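First up is the structure itself, then whatever we jot down about it.
Number of protein chains: 2
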Amino acid sequence: MAQERSLPSVVERMWGREPVTRRGPRPRLDLAKIAAAAIEIADAEGLAGVSMASVASRVGVAATALYRYVGSKEDLLTVMADSAAPLPPEPAGMPWRDYLALWTRAHRDVLLDHPWLLSVGRLVPPMGPRRLLWLDRALAALDGTGLDDGEKINVASALTGYALTEAALVHSVGGGDPQMEEAGITGAGDYGEVLAGVLDPETYPSLSAALRSGALGGAEGWVDDEDFSFGLDLLLDGVEALIRRRGA
Amino acid sequence: MAQERSLPSVVERMWGREPVTRRGPRPRLDLAKIAAAAIEIADAEGLAGVSMASVASRVGVAATALYRYVGSKEDLLTVMADSAAPLPPEPAGMPWRDYLALWTRAHRDVLLDHPWLLSVGRLVPPMGPRRLLWLDRALAALDGTGLDDGEKINVASALTGYALTEAALVHSVGGGDPQMEEAGITGAGDYGEVLAGVLDPETYPSLSAALRSGALGGAEGWVDDEDFSFGLDLLLDGVEALIRRRGA
DNA sequence: TTAAAACTATGAACGTCATACACAGTACGC
DNA sequence: GCGTACTGTGTATGACGTTCATAGTTTTAA
């Protein structure tokens with residue numbers, strides 16, 4: 113009864129719960145090798161290039177051999193989503209605000225390094241060792257602030273969401289998105305320009321005004337670093353206000 | 113040269129730029145009908161149930177007929193992602209903070225009503241008429257606050273990200289996620305319990321502590337409404353501080 | 001030492017799917 | 001009415017995920 117609930121079986125493997133019996137031929141692979149190969153392909157060709165066959169051939173086995181390690185392609189994506197994350201930045205005694213800023217930026221950068229992560233659903237909730245390590249570090253940074261654990265988790269959650277949206281924005285509008293490139297949109301400026309051509313100012317009054325004012329129009333568009341910091345500070349200001357309220 | 117950049121061609125159609133020639137048989141379909149059918153299927157069976165064949169049969173044509181309206185299945189998903197959004201809530205003269213809270217909540221609810229949206233990449237940047245209407249309303253709510261257009265957009269962006277993460281969390285951990293259900297995880301409590309069983313407290317000190325304290329453990333887990341409001345207020349507090357700084 | 005048992009990788013086969021293409025039918029413009 | 005342009009159909013194809021029986025390999029037990 114306590115054992116009724118468990119981790120999804122692939123996830124168990126990610127935590128080192130590999131099968132115990134040591135009989136028969138030694139496995140030539142392990143999850144890590146498979147994930148690494150899949151990630152390399154995804155980085156190079158996008159998620160579309162990741163097929164059971166392509167991954168298998170990269171690690172030098174037949175396609176069907178992978179099913180000894182993952183139950184399905186969905187499983188493979190789950191594993192990829194966790195192992196694509198590098199180690200989180202080191203706290204090194206920073207104040208919580210500095211660290212969380214660094215953390216969120218690094219989080220976004222991971223997503224930009226592996227844009228296909230944006231199309232893989234399995235990002236929240238984190239279940240694998242890597243992403244949970246990230247979560248742990250964010251919580252640790254908030255130790256001693258007077259926030260309770262639930263609040264800390266909520267803060268981390270909000271920051272994660274922010275990193276995700278910003279990354280998606282930068283990626284699609286900043287180049288690399290196939291559908292956007294088909295249309296010749298290679299920057300926030302293009303995006304705003306194109307949009308301005310379609311929008312009816314009557315039904316979209318505020319948005320049209322924003323476009324006219326060039327808020328998405330120049331080199332400093334929706335997507336540059338200043339804007340990222342801006343939104344991030346927004347969030348951190350909120351956190352800071354909360355901490356003050358808690359009277360740390 | 114001004115025309116070199118355009119909207120992705122399906123998106124053009126979403127904006128009513130249907131072809132002009134009126135010769136040959138009258139089309140029996142239009143994008144809206146196709147999208148509606150696809151969305152019904154996705155709501156009922158998930159994204160996996162959406163195939164060109166299944167959508168086509170639901171609208172009563174052969175599979176290949178759809179290619180008169182969308183260039184590819186990717187295109188179909190793009191259309192779905194926009195037309196699944198209902199009209200945004202009406203401002204009705206609310207203060208900006210009340211409206212944005214309502215807006216963000218409604219945003220999250222859309223994602224919970226159509227969980228498959230979480231797996232469709234094409235959410236940001238918004239390109240279709242529906243999602244841009246949502247954006248417009250958020251910007252409108254911030255009129256008169258002294259924020260400039262770029263700042264307004266950043267605020268909307270952060271709120272969108274928050275809605276997205278929260279929805280993903282509620283959905284996967286709160287039921288409906290196939291991989292989670294396979295493992296018997298049907299609530300935040302289960303999630304925390306299962307996690308606690310795998311985590312090594314040495315490498316995940318803060319997270320383990322949070323789990324022990326039951327921050328994800330009870331009926332009031334990661335995912336309930338109180339937590340949503342909490343994170344939302346965090347963000348809105350940040351916005352409010354900014355507005356004060358701007359001296360509205 | 002040998003035989004059974006447990007496990008691994010393989011190759012062929014199947015069903016599903018997205019998509020391309022040639023064709024047949026239909027409405028409008030002259 | 002005739003050509004033209006467009007719509008929907010049927011067939012075909014190639015890629016892909018996945019299943020299964022099989023052959024090969026290592027360990028355990030006799």
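Here the protein sequences line up with chains D and R, keeping their order. Okay, so the first sequence: first residue is 113 according to my numbering, each after it adds one. Okay, so the second sequence: first residue is 113 according to my numbering, each after it adds one. C-beta: ideal position from N, C-alpha, C; glycine also. All values derive from a computational prediction rather than experimental measurement.
Using a 10 angstroms sphere on the CB of Pro137/D, the tally of other CB atoms stays under 16, which defines it as exposed. Note on geometry: alpha-carbon atoms of Tyr211/R and Gly172/D lie some 56 Å from one another. Boundaries of the alpha helix (DSSP H) harbouring Leu214/R: 208-225, taken from the DSSP string. For Trp127/D, the chain R residues whose C-beta falls within less than 7 Å of its own C-beta are Val310, listed in chain order.
Apart from the 5 residues on each side of it in sequence, Gly240/D sits with its Cβ closer than 6 Å to the Cβ of Met126, Asp194 in its chain, given in chain order. Three or more beta-carbon pairs separated by less than 8 Å link the stretch 342-352 of chain D to the stretch 270-279 of chain D, which places the two stretches in contact. Residues of the stretch 189-206 of chain R whose Cβ lies closer than 8 Å to any Cβ of chain D, in chain order: Thr190. Among the residues of the stretch 133-163 of chain R, none has a Cβ less than 7 Å away from any Cβ of chain D.
Per DSSP, reduced to three states, the secondary structure at Glu338/D is helical.
Ala165/R and Asp142/R have their C-alpha atoms some 17 Å from each other. Contact between the stretch 243-261 of chain D and the stretch 202-219 of chain D is present, with at least three C-beta pairs closer than 8 Å.
Counting only residues of its own chain and dropping the five nearest sequence neighbours on each side, Val123/D has a CB closer than 6 Å to the CB of Met239.
Under the 8 Å criterion on CB atoms, Pro131/D is classed as non-interfacial with respect to chain R. Contact of Val222/R with chain D is not assigned, every C-beta pair being separated by 8 Å or more. Here DSSP, grouped into helix, strand and coil, assigns Pro120/D to coil.
Taking every protein chain shown into account, the CB of Ala147/D has 16 or more other CB atoms within 10 angstroms, so this residue is buried. Within a 10 Å sphere around the beta-carbon of Asp221/R sit fewer than 16 other beta-carbons, which makes this residue exposed. Using a Cβ-Cβ cut-off of 9 Å, Lys185/R is close to nothing in chain D; its nearest Cβ partner there is about 12 Å away.
Using a Cβ-Cβ cut-off of 8 Å, Tyr211/D does not count as an interface residue toward chain R, since no Cβ of chain R sits closer than that to its own.
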